[in-house]
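S.K.: I'd like to ask some things about the structure below.
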Amino acid sequence: LDKGIQKQIAKWIDKHLVGVDFPRSPGKYLTGNLSGYVRFRVSNYRIVAIVDEGELVITNLHVGHCSEIYKNL
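Residue 40 in this note's numbering sits at position 33 of the sequence shown; the count goes up by one each step and never skips.
Written out as structure tokens, the structure reads:
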């Protein structure tokens, strides 16, 4: 990702995920073969993570454009 997108995503994480109770977070649980992952939308990019036991403890993180992110999981 280019530096501008990296900064945009980092700023979004700081604003929307740091200090947030996970059940009320802006994430969406994925289904099917991606069950167990949670997806967060940041413009045309996606953050896909595994959330540990209902808390926002990210144990596996993938960031990419929405057209490519799910192909690499």
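Ideal Cβ positions, reconstructed from N, Cα and C, are used throughout, including at glycine.
For a test of the three-state rule: what should DSSP assign to ASN51, helix, strand or coil?
M.R.: Numbered from 1 along the sequence shown, position 44 holds the residue referred to as residue 51. Coil.
S.K.: DSSP three-state label for GLY11, please.
M.R.: In the sequence shown, counting from the first residue as 1, residue 11 sits at position 4. Correct three-state label for GLY11: helix.
S.K.: Check the C-beta distance from VAL55 over to LEU80 and give it rounded, since I have them as a contact under 8 Å.
M.R.: Numbered from its first residue, the sequence shown carries residue 55 at position 48. Numbered from its first residue, the sequence shown carries residue 80 at position 73. VAL55 to LEU80, Cβ: 6 Å. Contact.
S.K.: One question on the structure: do GLY34 and ARG53 come within less than 8 Å of each other, judged by their Cβ atoms?
M.R.: Here residue 34 refers to the residue found at position 27 when the sequence shown is read from its first residue. Here residue 53 refers to the residue found at position 46 when the sequence shown is read from its first residue. The answer is no: Cβ separation not under 8 Å.
S.K.: Which same chain residues, not among the five before or five after ASN51, have their C-beta less than 7 Å away from its C-beta?
M.R.: Within the sequence shown, residue 51 is the residue found at index 44, counting from 1. For ASN51, where only same-chain residues beyond five positions count, the Cβ hits under 7 Å are HIS72 and CYS73.
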